[in-house]
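A.B. asks: Just so we're aligned, residue 132 is where the sequence shown starts under this note's numbering, counting upward by one. Questions regarding the structure given below will be posed in turn.
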Amino acid sequence: MGEKRKIAKTASVVGGATLLSRIFGFVRDMIVAQLFGAGMATDAFFVAFRIPNLLRRLVGEGSLTASFIPVYSEYISQKSKEEGDELVSASFSVLAIVLILLTGLGVLFSPWIIKLMAYGFSLEPEKFKLTVLLTRLMFPYIFFIGLVALAMGILNSWKHFAAPALAPVLLNLAIIACALLFSGILKEPILSLAFGVLLGGIVQLLFQIPFIRRKKIAVRFLFRLSHPGVKRIGLLMAPSVLGLGVTQLNVLVSTFLASYLPEGSISYLYYADRLLEFPMGIFAIAIATAILPMMSEQTAKNDVQGMKETLSFAMRLVFFVTLPAMVGLIVLRLPIINLLFQRGAFNAHSAEMTAQALLFYALGLAAFAGVRIIVPAFYSLQDTKTPVKVAFLALLANAGFGAVLMIPLKHAGLALATSLAAGLNFVLLVILLKKKLGRIGAQKIFHSFLKSLVASVVMGAVAYLICAGGPWHTSGATLEKIALLLGAVLIGMVGYGGVSYFLGGEEMYSVMEIVRKKIKNNP
């Protein structure tokens with residue numbers, strides 16, 4: 132039970148910090164929706180922001196963190212402090228040079244990158260020109276956020292999770308501040324969001340520095356490509372970058388196809404995806420962040436059975452928290468979007484179109500979350516090639532599904548294609564991991580999945596009945612709307628917990644144990 136408590140406790144720390152970030156993220160999106168709505172300017176911004184964001188995931192928090200943690204964890208447990216500090220310094224120096232080069236190339240080749248990502252924009256000169264300008268303004272963000280990702284890997288290796296998880300709050304605050312302060316005085320108001328993104332990258336990096344200093348880690352400039360630790364990280368990163376590149380190509384495929392759809396389609400997909408990222412960030416990513424250092428440590432100690440038990444519990448826990456979120460997003464999609472976004476420039480039509488996208492994105496939430504949990508298992512085994520191969524097959528599936536489904540369903544078809552591809556990705560990863568490790572407790576995971584699904588359906592029915600008939604087509608937030616949605620969520624959660632307890636879900640008992648201990652320790 133000790134390892135299970137550690138996973139749940141760490142996930143609660145990361146999830147709590149991420150919850151705060153997501154709340155500010157929703158405030159940010161509400162302000163963006165109110166000020167700019169869903170049209171040409173927002174389409175341009177969301178496409179432009181995806182480019183540095185994509186590179187952040189490729190060379191930043193995705194591949195770098197996943198590759199750095201297993202190597203640095205080994206240095207911490209088996210080598211001297213000086214050797215560990217040297218690895219950090221060499222990694223920092225090499226990464227900084229790579230990021231500077233990437234930033235320069237990105238600014239220079241922005242027009243060609245936009246044509247590659249959203250060729251449909253090039254048919255509209257004004258939209259294309261604005262997207263290029265926004266891209267060039269935001270590209271330096273990759274430099275700062277890439278170094279933030281390294282800081283995240285360092286701190287997570289030392290089992291410090293709160294500061295990296297809190298950093299995105301600063302990005303949201305920076306965007307909110309710039310939007311409110313500068314959108315009314317700039318000739319092109321949407322540029323205020325780009326300035327906010329750049330400021331957010333800077334403050335996120337500055338926020339990490341004191342926490343690294345507290346670990347007494349000496350970081351200096353040491354450009355040494357030949358460092359054995361850097362070489363190992365690079366060898367792990369190469370297929371990881373390729374794998375994440377394939378994964379992120381799914382985003383590019385959807386963006387490319389959506390650029391040919393009616394104006395606003397990219398914005399609808401963005402707002403729906405943001406709502407999907409709420410449970411993903413709080414639960415799935417939090418649990419994945421918690422288990423990677425733990426599984427890496429178990430693998431380093433050759434504790435394969437312990438690693439499999441950690442993975443099994445993480446899978447059951449992530450389904451326990453994401454299945455009710457999936458059902459909740461499906462049955463409450465219009466009330467949520469109406470209350471959060473429908474005001475100002477974001478009208479009823481925008482809300483309805485975003486709700487369509489959210490429905491089909493939400494269908495894949497369990498698969499998205501499952502992939503987030505199972506990929507770190509391969510990384511902890513220092514196998515980054517298998518996820519690449521599977522992700523490539525999922526990419527082909529997404530492209531095929533998207534090209535077919537966008538014809539009858541428009542932007543909603545692209546959301547459905549993404550969910551179907553995620554389901555394929557998850558199933559293939561499970562099959563291949565089972566071949567690699569043997570039995571991983573699939574039967575226990577499946578039984579837990581069914582219990583959580585039954586409880587989620589009951590919860591969804593209760594939530595739907597509470598919100599049915601509400602004034603969800605009128606703009607603006609009212610006390611009636613807030614009371615209905617809040618009541619549906621709270622009563623639904625109580626119902627889900629009650630049914631889960633009745634069905635004897637082990638994960639429910641684990642959550643209750645954490646809550647009981649917190650109450651006991653903080654009377």
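All residues carry an ideal CB built from backbone N, CA and C; glycine is no exception.
I want to know whether the region 521-538 touches the region 464-473 - three or more CB-CB distances under 8 Å.
C.D. replies: Because the criterion of three Cβ pairs below 8 Å is not met, the region 521-538 and the region 464-473 do not touch.
A.B. asks: Would you list the residues sitting across from residue 451 in a DSSP beta bridge?
C.D. replies: Here residue 451 is taken as the residue at index 320 of the sequence shown, counted from 1. Answer is none; residue 451 lacks a bridge partner.
A.B. asks: What three-state label does DSSP hand residue 474 in the structure shown?
C.D. replies: The residue you call residue 474 lines up with position 343 of the sequence shown. DSSP places residue 474 in strand when its eight states are reduced to three.
A.B. asks: Is the Cβ-Cβ distance between residue 175 and residue 262 less than 8 Å?
C.D. replies: Position 44 of the sequence shown, counted from the start, is the residue given in the question as residue 175. Position 131 of the sequence shown, counted from the start, is the residue given in the question as residue 262. Contact: yes.
A.B. asks: Just checking: is the beta-carbon of residue 540 within a distance shorter than 8 Å of some beta-carbon in chain B?
C.D. replies: No chain B is part of this structure, which consists of one protein chain only.
A.B. asks: State whether the region 307-325 contacts the region 247-254, with contact taken as three or more CB pairs (one from each stretch) at a distance under 8 Å.
C.D. replies: The answer is no - the region 247-254 does not touch the region 307-325, with fewer than three Cβ pairs under 8 Å.
A.B. asks: From the DSSP output, in three-state form, read off residue 217 for me.
C.D. replies: In the sequence shown, counting from the first residue as 1, residue 217 sits at position 86. If DSSP states are grouped into helix, strand and coil, residue 217 belongs with the helices.
A.B. asks: DSSP on residue 320, reduced to helix/strand/coil?
C.D. replies: On the sequence shown, position 189 is the one that residue 320 refers to. Of the three classes helix, strand and coil, the one that applies to residue 320 here is coil, per DSSP.
A.B. asks: Thinking residue 563 and residue 517 are a contact (beta carbons under 8 Å), I'd like their distance in whole angstroms, please.
C.D. replies: Reading the sequence shown from its first residue, position 432 is the one you call residue 563. Reading the sequence shown from its first residue, position 386 is the one you call residue 517. So it is a contact: roughly 6 Å between Cβ atoms.
A.B. asks: For residue 182, which option in 582, 151, 242 has the closest C-alpha, if you only look at C-alpha atoms?
C.D. replies: Position 51 of the sequence shown, counting from 1, holds the residue named residue 182. Closest by alpha carbon: 242.
A.B. asks: Applying the criterion that 16 or more other CB atoms from any shown protein chain within 10 Å of the CB defines a buried residue, is residue 386 buried or exposed?
C.D. replies: Taking the first residue of the sequence shown as 1, we reach residue 386 at position 255. Result: buried.
A.B. asks: If we ignore side chains and look at the alpha-carbon of each, how far apart do residue 404 and residue 210 end up?
C.D. replies: Working through the sequence shown from its first residue, we reach residue 404 at position 273. Working through the sequence shown from its first residue, we reach residue 210 at position 79. Each residue's alpha carbon lies about 43 Å from the other.
A.B. asks: Considering only the alpha carbon of each residue, which of 442, 453, 486 lies closest to residue 510?
C.D. replies: Numbered from its first residue, the sequence shown carries residue 510 at position 379. It is 442.
A.B. asks: Please go through the same chain and pick out, in chain order, the residues whose beta-carbon is closer than 8 Å to the beta-carbon of residue 654, but skip the five residues on each side of it.
C.D. replies: Stepping through the sequence shown from its first residue, residue 654 is reached at position 523. For residue 654, the predicted model reports a pLDDT of 42, less than 50, meaning its position is unreliable and no value from the coordinates is stated.
A.B. asks: Please report the Cβ distance between residue 453 and residue 492, rounded to the nearest whole angstrom; I am assuming they are in contact, meaning their Cβ atoms lie under 8 Å.
C.D. replies: Position 322 of the sequence shown, counted from the first residue, corresponds to residue 453. Position 361 of the sequence shown, counted from the first residue, corresponds to residue 492. Their Cβ separation, rounded to whole angstroms, is 13 Å, which puts residue 453 and residue 492 out of contact at 8 Å.
A.B. asks: Are residue 284 and residue 231 touching if we call contact CB-CB under 8 Å?
C.D. replies: The residue given as residue 284 occupies position 153 in the sequence shown. The residue given as residue 231 occupies position 100 in the sequence shown. In this structure, residue 231 does not lie closer than 8 Å to residue 284 by Cβ.
A.B. asks: Taking DSSP as the reference, what is the three-state secondary structure of residue 545?
C.D. replies: The residue labelled residue 545 in the question sits at position 414 within the sequence shown. Residue state, collapsed to three classes: helix.
A.B. asks: Please classify residue 433 as buried or exposed, where buried requires at least 16 other C-beta atoms within 10 Å of its C-beta.
C.D. replies: The residue given as residue 433 occupies position 302 in the sequence shown. Exposed.
A.B. asks: Taking C-alpha atoms, which residue in 212, 256, 281, 203 lies nearest to residue 229?
C.D. replies: For this step, residue 229 is matched to residue 98 along the sequence shown. Of the candidates 212, 256, 281, 203, the one whose C-alpha sits nearest the C-alpha of residue 229 is 281.
A.B. asks: In angstroms, rounded to a whole number, what distance separates the CA positions of residue 484 and residue 398?
C.D. replies: If you number the sequence shown from 1, residue 484 lands on position 353. If you number the sequence shown from 1, residue 398 lands on position 267. So the alpha carbons of these two residues sit roughly 10 Å apart.
A.B. asks: Which one of 626, 275, 597, 625 has the shortest CA to CA distance from residue 613?
C.D. replies: Position 482 of the sequence shown, counting from 1, holds the residue named residue 613. Among 626, 275, 597, 625, the Cα nearest to that of residue 613 is on 597.
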